[in-house]
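The listed protein sequences derive, respectively, from chains S and B. Quick note on numbering: the first sequence equals residues 1 to 437 in full-length UniProt numbering. Quick note on numbering: the second sequence equals residues 1 to 437 in full-length UniProt numbering.
There are 2 protein chains.
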Amino acid sequence: MTGQKRVLRLALLGCGTVGSEVIRLLHRNGDELAARVGARLEIAGIAVRRLTVDRSDLPVPAELFTDDPMSLIERDDVDVVIEVVGGLEPARDWLLAALKSGKSVVTANKALLAEDGAALQAAAAEGGADLYYEASVAGGIPLLGPLRESLHGDRITRVMGIVNGTTNFILSAMDSTGAGFGEALEEATALGYAEADPTADVEGYDAAAKAAILASLAFHTPVTAADVYREGITEITAADVASARTIGCTVKLLCIAQRQVDADGTESVGVRVHPAMIPRSHPLAGVTGAFNAVFVEADAAGELMFYGRGAGGSPTASAVLGDVVAVARHKLTGVRSASDTSYALLPVRPIGEAITRYHLSLEVADRAGVLAAVASEFATSGVSIRTVKQEGHGDDATLVVVTHAAPDAALSSTVDRLRRLDSVRKVLSVMRVEGET
Amino acid sequence: MTGQKRVLRLALLGCGTVGSEVIRLLHRNGDELAARVGARLEIAGIAVRRLTVDRSDLPVPAELFTDDPMSLIERDDVDVVIEVVGGLEPARDWLLAALKSGKSVVTANKALLAEDGAALQAAAAEGGADLYYEASVAGGIPLLGPLRESLHGDRITRVMGIVNGTTNFILSAMDSTGAGFGEALEEATALGYAEADPTADVEGYDAAAKAAILASLAFHTPVTAADVYREGITEITAADVASARTIGCTVKLLCIAQRQVDADGTESVGVRVHPAMIPRSHPLAGVTGAFNAVFVEADAAGELMFYGRGAGGSPTASAVLGDVVAVARHKLTGVRSASDTSYALLPVRPIGEAITRYHLSLEVADRAGVLAAVASEFATSGVSIRTVKQEGHGDDATLVVVTHAAPDAALSSTVDRLRRLDSVRKVLSVMRVEGET
């Protein structure tokens, strides 16, 4: 590839919501894109599952459509492959083939990246091709670019984000209306914010895949979805949300990737997805509805936040096009990005070693010595209590405890022991607390 | 420059707060930076005004310091020039010399970029060098990178931001304590958030320079500080802030760069810096104290926000280092960024043609027909009124008017005519309103 080539040709795999919007943006902004890249971007072909679907509303000739993606990828005149199909197979075979043959890849496939990112990176290195995937996390928000380009002179210590719009819509609704999970999920489904089978969203699988991608990039360490501790939001009750409110917090499904440094200087990474209470004054607390936002802490830059639309055809297509322009420029100048690196190879720590805080709400017997018994269980685990508040009395007595930071294993074993105490009738709510209060 | 070169050498111009922090970051993160760049980054020399200052706390040998910046820039073994001195001269001569001789430049110099960005870009093109300036706007927030890299497949329609920490600190204090401008400025000065001579901040000059840089980048059009309409915050009273509160707004000093499209499709750009009321529900309203944030609207990506620390040695040094890594990689691979483009060359429109809304608070005579007289003046200018509210009576009667969107010239001429109305005793407050309400 030399500076003389004035046209770059794209193979588009997939023509659903995102793929159609990529086609429209390429058409509408063709002149501007050509000015920015230094070459015209042309669609060489579009691979679809069924050729019989009517796509006459799209501004491309019908003969570009094909149901043979591999032949399209292998064509000599294709420079860049854009994959917006999703799923592990056959996308994995397509992208490995493209990268190994030196074709740069732009993909929105979070599941594949979170499962097999290292193999894709290796194929990209082998073929001397670029692998870009801005659209895989937080849709239209420029996030991976800044993480790997702008902050590479800095040292990231923590990434904490709201990366799933469906669950954020549900939790926002529960917070503002007092609804329970089931009711809020019904509303989200009715409005199109939740899919018919919402499992991937509400059980945190989607967020866990994104957490793996963010952690890999931020800490230069391969992290897969299987490394990510994951809890969904299906168990969150209206009472949990009300409890959060009484301590000035709101409940969010957070993805957290954190650099941990031991006393001897050994570094490791912890990656987890779970609901947590965060203070209403935290910038992430104001992120409501289907919006996404990612809060980044770096040694020198301090606290940063990136906010925007995390899903939808247009925002995702914007991210895809941004990547296409970047890899197209690299093609023209004959370089590839060297920015995805795994040189750090930090070990990934289990959830038990994560440092967090717990909020507990306990139904207790209203008699002398209950607080002492509860406090003693915390002391045994070396967990110190930050605040404790007793509400009601008689059979309705409730003890609300917020701990100081401690290893998650110590916190959860304390909860187990509290469940066995005679004076604790019921553990009403247990939730982690994140963000400074 | 080839891939064989394993060391890249940096000339650092300036060794104040930012320069010292750049030295410390280069020292502390040396191994990580080398892994990311593919070559070690070495400081070739550090130009300072006075060699006699004690700098023994910095992790560099004393012999690196020089008081002859031009000789340092001209040394054959210098690959990248970092400028953190600021001001127009002699920085302009230094950077033009560096760029023309093919040395890439990383600078935090907003004044120079806003005055002479086009000449610097031309010199960079002539020398085949990179010109990067992430640190010039919004300190440590990765903003210019995303604008020129991640969103280049999209079309930006509006950039609206809080880019000056001093004025945001003052306005936040006025909002939370009810203090007047003078009192809040005193507090900011005492806490080190305002300089002894705060003119550049409180009169909006600093924000106007940043607005010019943002507009140039977002709209691919050369915009200088002189093109930017500018109003500071020195006239803002506690009454203005209280007025904003009654309509659910807070007052912020905003920099706004907007793409305007006429009925015939002709495009232009409007760039302005002025205080404005924005709804408390707007993401920018929650940006308090010395933080910065920039809200970006793009056709496909939708609404985005970038938030973080806008000033300070560490955040600014983080941005400088991010740029250094980028240009260092380009040096190693023998390419330069082609991303700063002025191909659009859109005309810059005067403030009179900006589309905005006004909030007015008028002291009026409490007699029949006042509202009709006021409304008639708006109608004459073709401005429609969104809400009007009469408060008090007798000599204390106040009329609060919020308009619909209209050209600024029509709005301001209406205000002029209202001042001359018999029934309007005094125009108590006039302020623009931005953001959806």
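All residues carry an ideal CB built from backbone N, CA and C; glycine is no exception.
Using three-state DSSP, classify residue i as helix, strand or coil.
i: S216 of chain S; result: helix
i: H27 of chain B; result: helix
i: N168 of chain B; result: helix
i: Y133 of chain B; result: coil
i: G127 of chain S; result: helix
i: P142 of chain B; result: coil
i: Y205 of chain B; result: helix
i: S318 of chain B; result: helix
i: G286 of chain S; result: helix
i: H152 of chain B; result: coil
i: residue 447 of chain S; result: There is simply no residue 447 of chain S to check, as chain S begins at 1 and stops at 437 in what is shown.
i: M1 of chain B; result: Only weak support exists for where M1 of chain B lies, its pLDDT of 40 falling under 50; the value from the coordinates is given anyway. Looking at M1 of chain B - three-state DSSP - the assignment turns out to be coil, as it is neither helix nor strand.
i: T237 of chain S; result: coil
i: V415 of chain B; result: helix
i: E231 of chain S; result: coil
i: T107 of chain S; result: strand
i: E377 of chain S; result: helix
May I ask you to check if the CB of residue i is nearer than 8 Å to at least one heavy atom of the ligand NAP?
i: R420 of chain B; result: Of the ligands one can find in the structure shown there are none, so the ligand NAP has no counterpart to examine.
Could you check whether residue j and residue i sit closer than 9 Å to each other, using their CB atoms as the reference points?
i: A33 of chain S; j: I46 of chain S; result: Before going on, a small fix: residue 33 of chain S reads as Leu here, not Ala. Not closer than 9 Å, so no.
i: V374 of chain B; j: L428 of chain B; result: no
i: Y229 of chain B; j: V271 of chain B; result: yes
i: N292 of chain B; j: G435 of chain B; result: no
i: S376 of chain B; j: L411 of chain B; result: no
i: V273 of chain S; j: A218 of chain S; result: no
i: A298 of chain B; j: R155 of chain B; result: yes
i: A328 of chain B; j: A39 of chain B; result: yes
i: L96 of chain B; j: A114 of chain B; result: no
i: E89 of chain S; j: L13 of chain S; result: no
i: A108 of chain B; j: A319 of chain B; result: yes
i: L360 of chain S; j: V269 of chain S; result: no
i: R103 of chain B; j: A11 of chain B; result: According to the sequence displayed, residue 103 of chain B carries Lys and not Arg. In contact: K103 of chain B and A11 of chain B (Cβ atoms closer than 9 Å).
i: P315 of chain S; j: I141 of chain S; result: yes
i: H152 of chain B; j: V325 of chain S; result: yes
i: K252 of chain S; j: L171 of chain S; result: yes
i: L112 of chain S; j: G139 of chain S; result: no
i: A257 of chain S; j: A196 of chain S; result: no
i: V433 of chain B; j: I278 of chain B; result: yes
Does residue i get closer than 9 Å to chain B when you measure Cβ to Cβ?
i: R9 of chain S; result: no
i: N29 of chain S; result: yes
i: T2 of chain S; result: Its pLDDT being 42, under 50, T2 of chain S is placed unreliably in this model, and the coordinates cannot settle the point.
i: D130 of chain S; result: no
i: G302 of chain S; result: yes
i: L345 of chain S; result: no
i: D299 of chain S; result: yes
i: V251 of chain S; result: no
i: V325 of chain S; result: yes
i: L113 of chain S; result: no
Any beta carbon from chain S within less than 9 Å of residue i's own beta carbon?
i: G108 of chain B; result: Strictly speaking, residue 108 of chain B in this sequence is Ala, with Gly absent from that position. No, A108 of chain B lies away from the interface with chain S (no Cβ there is under 9 Å from its Cβ).
i: L321 of chain B; result: yes
i: P116 of chain B; result: According to the sequence shown, residue 116 of chain B is Asp rather than Pro. Chain S contact via Cβ: absent.
i: residue 468 of chain B; result: What the structure shows of chain B is the stretch from 1 to 437, and residue 468 of chain B is not part of that stretch, so it cannot be assessed.
i: A122 of chain B; result: no
i: L418 of chain B; result: no
i: R259 of chain B; result: no
i: E267 of chain B; result: no
i: L12 of chain B; result: no
i: E134 of chain B; result: yes
Give a yes or no on whether the minimum CB-CB distance between residue i and chain D is below 9 Å.
i: G178 of chain B; result: Among the protein chains of the structure shown, namely S and B, there is no chain D.
Hey, is the segment 176 to 193 of chain B in contact with the segment 205 to 225 of chain B, meaning 3+ C-beta pairs nearer than 8 Å? In short, these stretches do not touch, since the Cβ pair count stays below three.
With 9 Å as the C-beta to C-beta threshold (strictly closer), list the residues of the segment 192 to 220 of chain S near chain B in chain order. H220
Could you run through the segment 306 to 319 of chain S and flag, in chain order, every residue whose CB is less than 8 Å away from some CB of chain B? F306, Y307, G308, R309, G312, S314, P315, A317, S318, A319
Within 7 Å of chain B by C-beta, residues of the segment 139 to 158 of chain S in sequence order: G140, I141, P142, G145, P146, E149, S150, L151, H152, G153, D154, R155
Are three or more beta carbon pairs between the segment 393 to 401 of chain B and the segment 349 to 367 of chain B nearer than 8 Å? yes
Contact set between the segment 271 to 288 of chain B and chain S, restricted to residues whose Cβ is under 7 Å from the partner: P283, G286
Taking only beta carbons into account, state which residues of the segment 27 to 59 of chain S come closer than 9 Å to chain B, listed in chain order. R28, N29, E32, L33, A35, R36, V37, G38
Along the segment 82 to 95 of chain S, what residues have a CB closer than 9 Å to any CB found in chain B? none
Okay, do the segment 232 to 245 of chain B and the segment 195 to 205 of chain B touch, 3+ Cβ pairs below 8 Å being the bar? With the cut-off at 8 Å, the segment 232 to 245 of chain B and the segment 195 to 205 of chain B touch.
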